[in-house]
Amino acid sequence: MKIAILDDYQNVARDLAEWHRLPNGSALTVFERPIPAEEVAGTLAPYSVLVIMRERTPFPASLIDALPNLRLLVTTGGRNNAIDLEACKARGITVCGTGMVGTPAAELTWGLILALVKRIPQEERGLRAGRWQAGLTQGLAGKRLGLVGLGKLGTQVARVGQAFGMEVAAWSPNLTDERAAAAGVSRLDKRDLFATSDIVSVHLVLGERTRGVVGAEDIDAMKPSAFFVNTSRAGLVDGDALLAALHEHRIAGAGLDVFPVEPLPADSPWLEAPNTVLTPHLGYVTRENYDVFYRDALDDILAWHAGEPVRMLA
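Heads up: the sequence shown begins at 88 in my numbering, then just goes up one per residue.
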């Protein structure tokens with residue numbers, strides 16, 4: 088087998104699984120940097136097995152059809168919206184997933200929230216430049232945390248907000264009063280959530296029904312003192328409206344871990360957006376997650392090679 092691991096940005100994949108267990112004669116190649124879009128098909132054409140990291144490299148039907156030797160596609164995580172599963176089925180390509188640790192994105196959400204309200208980046212830079220206490224920070228107790236989505240991650244974020252003494256409210260397209268009450272959360276309509284929350288944090292899965300679910304009218308409804316946080320997917324939010332609100336100082340700031348184009352280009356307008364804390368899609372990038380990702384990816388390859396594939400997505 089010719090096997091390639093894609094997008095190993097931290098150069099850790101070789102150390103996080105027992106790749107010596109691969110069948111004799113297997114050849115393993117690791118790509119640390121993104122392959123330019125125009126070179127992906129030619130670069131990957133020789134490989135029969137690909138291990139991809141979440142949604143870093145998309146696999147639409149056009150790319151799948153251009154990979155004549157591909158037989159097994161392993162994606163880290165339990166789903167990957169950047170893979171055309173129907174095209175894989177049509178080609179007879181097996182697609183498998185891996186397990187993952189379910190808490191890192193919720194933890195990062197709170198890292199961004201605290202960085203915003205406590206002005207951690209500004210005060211750290213100011214301290215190094217010789218300034219002492221350059222501005223006032225804010226407290227969380229008694230403030231309203233508004234969650235767009237109350238699934239597993241949203242519920243984890245809610246619990247931490249409650250521990251800080253915050254009032255937590257939520258909205259999602261299918262949220263019921265009963266589910267909200269079970270989490271100790273108030274269910275609001277979307278307009279009220281954006282208009283009354285001091286912090287709005289997004290925790291929905293991106294799909295056709297949720298793309299652009301946070302629109303300009305929602306962002307416009309936010310208080311000038313409110314912060315916006317997104318650790319889910321950029322496609323959930325009207326990015327132009329959010330950029331405008333930041334530049335016009337119509338909201339207090341934003342903490343963002345996800346962007347329309349990743350890695351973020353050097354000329355991205357997000358790099359110039361004021362009052363922001365930006366992180367490079369770190370929500371799932373933890374040692375614990377990567378241990379699971381690459382261990383399970385190796386197991387997927389071995390099981391498929393033995394004729395008994397596991398964790399099949401297609």
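Heads up, the beta-carbon is just placed ideally off N, CA and C, and yes, glycines get one too.
In its chain, beyond the 5 residues on either side, 237 and 274 have a beta carbon closer than 7 Å to the beta carbon of residue 262. By the criterion of a C-beta distance shorter than 7 Å, residue 242 is surrounded in its chain by 270, once the five residues flanking it on both sides are discounted.
Looking only at 161, 208 and 246, the smallest Cα-Cα distance to residue 193 is reached by 246.
As computed with DSSP, residue 273 is found in a beta bridge with 256. Counting the other Cβ atoms within 10 Å of the Cβ of residue 142 gives 16 or more, which makes it buried.
Relative to residue 253, the option among 284, 259, 224 and 223 whose CA is nearest is 284. The distance from the Cβ of residue 135 to that of residue 89 is about 5 Å, consistent with a contact at the 8 Å cut-off. DSSP places residue 176 in the uninterrupted alpha helix (DSSP H) bounded by 172-178.
With a cut-off of 8 Å on Cβ pairs, the region 156-163 is not in contact with the region 302-314, counting fewer than three such pairs.
The Cβ-Cβ distance between residue 122 and residue 130 falls below 8 Å. Nearest C-alpha to residue 363 among 201, 259 and 349: 201. Using a Cβ-Cβ distance cut-off of 8 Å, the region 93-108 and the region 376-394 are in contact, since at least three pairs of beta carbons, one from each stretch, lie closer than that value. In this structure, the beta-carbon distance from residue 196 to residue 272 does not fall below 8 Å.
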